[in-house]
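*Asks:* Note that the protein sequences, when read in sequence, are chains A and B.
Each residue of the first sequence is one higher than the one before, counting from 143 in this note's numbering.
Each residue of the second sequence is one higher than the one before, counting from 863 in this note's numbering.
Glycine included, each C-beta is placed from N, C-alpha and C at the ideal position.
Since we're looking at a predicted model, the values are computed, not measured.
Got a structure here, written out as structure tokens. Questions coming.
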Amino acid sequence: MSAGHLPGGPAGRLRALVGRHYGGRAPGEPRAVGYLYLLPAFILYAVFLLFPLCQTIWLSFVHWDGLTVATEAGLDNYRDLFRDPVLRDSFLHALALLVFYAALPVAIGLLLASVLSRFRVRGMTFFRTVLFLPQVLAMVVVAVAWRSILAPDGLLNDLLRTVGLEGLTRSWLGDYTWALPAVGAVGTWVETGLCLVLFLAGTQRIPRELYEAARMDGAGAVREFFAVTLPGLRAEIAVALTLTMIAGLRNFDLIYITTGGGPGTSTSVPAYQVYHRAFEINEVGSAAAVGVGLTVLIFVLTVAVTRLVEGRNTT
Amino acid sequence: MSAHRRARSAGTALAATTVLLASACVPGTDGSGAAGGAGPGAGATGVPDPAKAGKVTLTVWDQEIRGGQNAEIERLNREFQEKYPNVTIKRVARSFDDLKTTLKLAMSGNNPPDIVQANQGYPDMVAFVKAGLLLPLDNYAGIYGWNTRYPNTLLNLNRVAADGSRFGTGRLYGISQTGEYVGVYYNKDVLAKAGVEPPKTWSDLTGALPKLKAEGELPVQFGNLDQYPAIHTFGVLQNQAGGAEAVRNTVLGAGGAGTGFDNEHTREAARTLADWAEKGYLPKGANGKGYDDATKQFASGDGAFLITGTWLLADLKKPMGDKLGLMPPPPASAGGAPVSTGGQGLAWSVTSKSEHPEVAAAYLDFLTDEHAADVMTEEGVLPAVPGKAAREVPAGSVDGQLIDGWERLNAADGLVPYLDYTTPTFYDTLSKWLQGVIDGKVSPDAFAEALQQDYADFQKQQQEESGRAAGGER
């Protein structure tokens, strides 16, 4: 990375001197043998990722029950993604969950990070660990814990009753309106720690002088945040958004354990539909199409984030 | 057993991922035959003697991993191997969910297990038969007298038409060990405190609900976050609304008067369920309460009744002791014939690629004969055909009530198959819409229409398929 932007100068001359050892190739150009080193990893990647991926794409064009001979489906399975209200809704739910999985954690993370970087907080390591903990726990564990917290006689409702908010108690996971936000809130809880830790690391990289200059120019805390912190964290925000969006879109275990897509289909998401169709109702082709659709969606959103937030050529 | 899904486990999620990756093979061309499969039986005429089969290893996949069921299988396996020292049983036991997700791949591979537990209904057993993966057992049924051992209602649930178009009739593809039905559990203490006698008729039961409510007790404990429990409750209500015979014909695709779901007994059952939820006879927010949570709360004295399957008996008996009572849903008039949703455990089936079908059949016979029934009773499991030991269980005990209820249901031919057998997608349709009915969001009319739609779609598809098959034959 550091090489290359001083074509003349002492470094360039040095390279010209050692150039003959490279046997005519431009300096820094990889030797063909380099590809050999990639081979073991590539084989693993191909066998366990590329091959199943191609297989899935192919399966998405057939009707198959997993046992008997498959029949051609053409674009039927893909058409269903738009026509079948259950599938269409599950994609909409996934997008709605992005608010909870990506937007909220990034916003909360930014807020906390800018506050924490302004003040010295005692026991910072402790708080950082606690906030990051949900990331370390297996999603299954998180889901089982929250299933009991959100139960009608669970911790949350008990808490609301204790503080006199009896009227707010409800059967969180069994409520047509509240089940999706309730599951989403768990996502926020899980992802906020990740964002915070990323942003804290980022703020430490922003030169102190920028803050001092901003303060010298009379900027308040808010102005400082928008003028210095936010632009300084651009790369971290892109990373955080990418990670949390992927986590949100391929959310399966949390839904599977807490609501099973219910009540009705109000919390059904694409990843759950993949499992459900492939293993429970023997519609492997349709499951594959949902999987491919989800992959494309994740890909598009990730590229969009990288382009828009990170910018194409940052330095 | 189909609707009896255990709490969703982490293991399944994991298995699902691996299986999805492993399933990368050419669809349907890896050795699985076309519909039909092997001819009936394997040509045996006399009772085969496994002792003469030489050294044999039987690989058995089952899902009897819970307390008494596991103990009973372990015992019978040991005894079978002692009886035939040349036979080794390689048992692979996994949970219902895990078995369901892995069995399909195992069976379509080149080296399937010899014996598997197949879930009745379209998604599993019928799909296996369609793919020619299971061996018809009619021949062995004759040799071992299974036809007379079992009531027809039970045996029929393990039958599939040779072309895989419907089940409940056709060839026999498995036999079940255990019986099960949806019953009404009651807490004797809670009833006594509210001054309510254990109900003798259905109207006794419904009449007790407002009384219990007024006494400050929860009338019916119920948790439907897992979605299947409502199917059982609804099934009971539908039977009580006079739908038993019609529902049975509907589920088994037999046709006839009142079949389908666009009818009064379906609407009435939905109305009752919504009414119970609205009046607070069911816990508030039942759609958000787990099945296991509801069970635990009932065991700790919260709730007078619990309407669910007999598979919970062992779990409830331990904490509740003498307080626990169990009966089939009470009949319309005292002493009348009971009806309830129920059937039998998963079928034990022989795979068509098994190299030792005769030894496998002998094993199935051993698992289900009179001696096995006694072993099951001793381990607290309800045998499909109760034997000697069952008659020695004290009549007043809850185990006695369990066996008595089962025998009365069978004598009256009062078992109605699980509703989710109806179509491949019926579990989904039913469980999703029932949550809406309980929520009050879905009217009984809309509910009946949704069920009818699913049922009609499937029937149409079946007709088209059989039309194609007929047209394709030379």
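(1) Less than 8 angstroms between the CB atoms is what I'm expecting for LEU997/B and ASN1020/B, so what's the real figure, rounded?
(2) For a cutoff of 8 angstroms on Cβ pairs, would you count GLY404/A as touching chain B?
(3) Is VAL954/B helix, strand or coil by DSSP?
(4) Please return the same chain residues whose Cβ sits closer than 7 angstroms to the Cβ of GLY406/A, not counting the five positions on each side in sequence.
(5) Could you tell me whether the stretch 413-420 of chain A touches the stretch 389-402 of chain A, where touching means 3 or more Cβ pairs closer than 8 angstroms?
(6) Looking at the unbroken beta strand (DSSP E) that takes in ALA1246/B, where does it start and where does it end?
(7) Which residues, in chain order, does the stretch 983-1009 of chain B contribute to contact with chain A at a C-beta distance below 8 angstroms?
(8) Can you pull the DSSP bridge partners for HIS205/A?
(9) With a threshold of 7 angstroms on Cβ separation, who are the neighbours of ALA255/A within its own chain once the five nearest residues in sequence on each side are excluded?
(10) Could you please give me the residues that DSSP links to ASP1124/B through a beta bridge?
(11) With contact counted as at least three CB pairs below 8 angstroms, one residue from each stretch, are the stretch 194-203 of chain A and the stretch 270-290 of chain A in contact?
(12) What do you reckon, is the C-beta of LEU1135/B under 7 angstroms from a heavy atom of the ligand ADP?
(13) With LEU402/A as the anchor, note down where its beta strand (DSSP E) starts and where it stops.
(14) Examine chain B for any beta-carbon lying closer than 8 angstroms to the beta-carbon of ALA244/A, and answer yes or no.
(15) Should the stretch 1121-1136 of chain B be called in touch with the stretch 1186-1197 of chain B, which here means at least 3 C-beta pairs below 8 angstroms?
(16) Taking only runs of the beta strand (DSSP E) that begin and end inside the stretch 1205-1272 of chain B, which ones reach a length of at least 3 residues, in chain order?
(17) Check this for me: beta carbons of LEU967/B and VAL949/B, under 8 angstroms apart or not?
(18) Any idea which residues DSSP pairs GLY1041/B with across the strands?
(19) Tell me, which residues are paired with LEU996/B by DSSP?
(20) Note down the Cα distance separating ARG225/A from GLY1171/B, rounded to an integer number of angstroms.
(21) Leaving out five residues before and five after TYR1006/B in sequence, what residues of the same chain have Cβ atoms less than 6 angstroms from its Cβ?
(22) Just the Cα atoms here: how many angstroms apart are TYR1047/B and VAL241/A?
(23) Out of THR1134/B, GLY1142/B, TRP1173/B, GLU1140/B, point me to the one whose CA is closest to TYR1153/B's CA.
(24) Name the DSSP bridge partner or partners of MET1189/B?
(25) Should PHE193/A go down as buried or exposed, given a rule of 16 or more other Cβ atoms within 10 Å for buried?
(26) Give the range of the beta strand (DSSP E) segment to which TRP923/B is assigned.
(27) Measure the CB-CB distance between LEU1277/B and GLY1183/B and report whether it falls below 8 angstroms.
(28) Going by other Cβ atoms of all chains shown within 10 Å of its Cβ, with 16 needed for buried, is SER894/B buried or exposed?
(29) Could you pull the start and end residues of the alpha helix (DSSP H) that PHE274/A belongs to?
(30) Beta-carbon of LYS1075/B versus every beta-carbon of chain A: anything under 8 angstroms?
(31) With a CB to CB cut of under 7 angstroms and the five nearest residues on each side skipped, what residues in its chain are close to THR1040/B?
(32) Please identify the residue among PRO247/A, GLY402/A, GLY251/A, LEU234/A whose C-alpha is closest to the C-alpha of GLY329/A.
(33) Closer than 8 angstroms, CB to CB, is GLY1298/B near chain A or not?
(34) Is the Cβ of GLY458/A closer than 8 angstroms to any Cβ of chain B?
(35) The stretch 1075-1089 of chain B: which residues have C-beta closer than 8 angstroms to a C-beta of chain A, in chain order?
(36) Against chain A, with Cβ distances strictly below 8 angstroms, would GLY1057/B count as a contact?
*Replies:* Reading it off the structure:
(1) Not quite, the Cβ-Cβ distance comes to about 13 angstroms (not below 8 angstroms), so this is no contact.
(2) Residue contact with chain B for GLY404/A: present (Cβ-Cβ distance below 8 angstroms to some residue of chain B).
(3) In the structure shown, VAL954/B sits in a strand (DSSP, three-state: E or B).
(4) Excluding positions up to five away in sequence, the list reads TYR318.
(5) Cβ pair count under 8 angstroms is three or more, so yes.
(6) The continuous stretches of beta strand (DSSP E) do not include ALA1246/B, and DSSP gives it neither H nor E.
(7) For the stretch 983-1009 of chain B, the beta-carbon criterion of a distance under 8 angstroms to any beta-carbon of chain A is satisfied by PRO985, ALA989, PHE990, LYS992, ALA993, LEU995.
(8) Note: HIS205/A is bridge-paired with THR213/A in the DSSP secondary-structure output.
(9) Result list for ALA255/A: LEU338, PHE341, LEU342, THR345, in chain order.
(10) Among the bridge pairs identified by DSSP, ASP1124/B is matched with none.
(11) Note that the stretch 194-203 of chain A does not touch the stretch 270-290 of chain A; fewer than 3 beta-carbon pairs, one per stretch, sit closer than 8 angstroms.
(12) This structure lacks the ligand ADP; in fact it carries no ligand of any kind.
(13) The identity of residue 402/A in the sequence shown is Gly, whereas the question assumes Leu. No beta strand (DSSP E) contains GLY402/A, which DSSP labels as neither H nor E.
(14) Judged by the 8 angstroms Cβ criterion, ALA244/A is not in contact with chain B.
(15) Flag = no, the stretch 1121-1136 of chain B and the stretch 1186-1197 of chain B do not touch.
(16) Counting whole runs of 3 or more residues, the stretch 1205-1272 of chain B contains the beta strand (DSSP E) stretches 1209-1212.
(17) Taking 8 angstroms as the cut-off, the beta carbon of LEU967/B is found no closer than this to the beta carbon of VAL949/B.
(18) Beta bridge pairing from DSSP links GLY1041/B with GLN1206/B.
(19) Paired residue(s): THR1213/B.
(20) One Cα belongs to ARG225/A, the other to GLY1171/B, and the distance between them is close to 38 angstroms.
(21) ASP1227, listed in sequence order.
(22) Each residue's Cα considered, the two are about 44 angstroms apart.
(23) Nearest option by C-alpha distance: TRP1173/B.
(24) VAL1046/B.
(25) Exposed, because fewer than 16 other Cβ atoms sit within 10 Å of the Cβ of PHE193/A.
(26) First-last of the beta strand (DSSP E) with TRP923/B: 918-924.
(27) Not closer than 8 angstroms, so no.
(28) Only weak support is given to the placement of SER894/B: the predicted model assigns it a pLDDT of 38, under 50, and the question is left unresolved by the model.
(29) Unbroken alpha helix (DSSP H) run through PHE274/A: 266-278.
(30) Not an interface residue.
(31) Excluding sequence neighbours, THR1040/B sits near GLN1206, GLY1207, MET1238, VAL1243, LEU1244, PRO1245, ALA1246.
(32) Minimum Cα distance to GLY329/A is reached at PRO247/A.
(33) At least one CB of chain A lies nearer than 8 angstroms to the CB of GLY1298/B.
(34) With chain A covering 143 to 457 only, the question about residue 458/A has no answer from this structure.
(35) Against chain A - using a Cβ distance shorter than 8 angstroms - the residues of the stretch 1075-1089 of chain B are ASN1086, LEU1087, ASP1088, GLN1089.
(36) Judged by the 8 angstroms Cβ criterion, GLY1057/B is not in contact with chain A.
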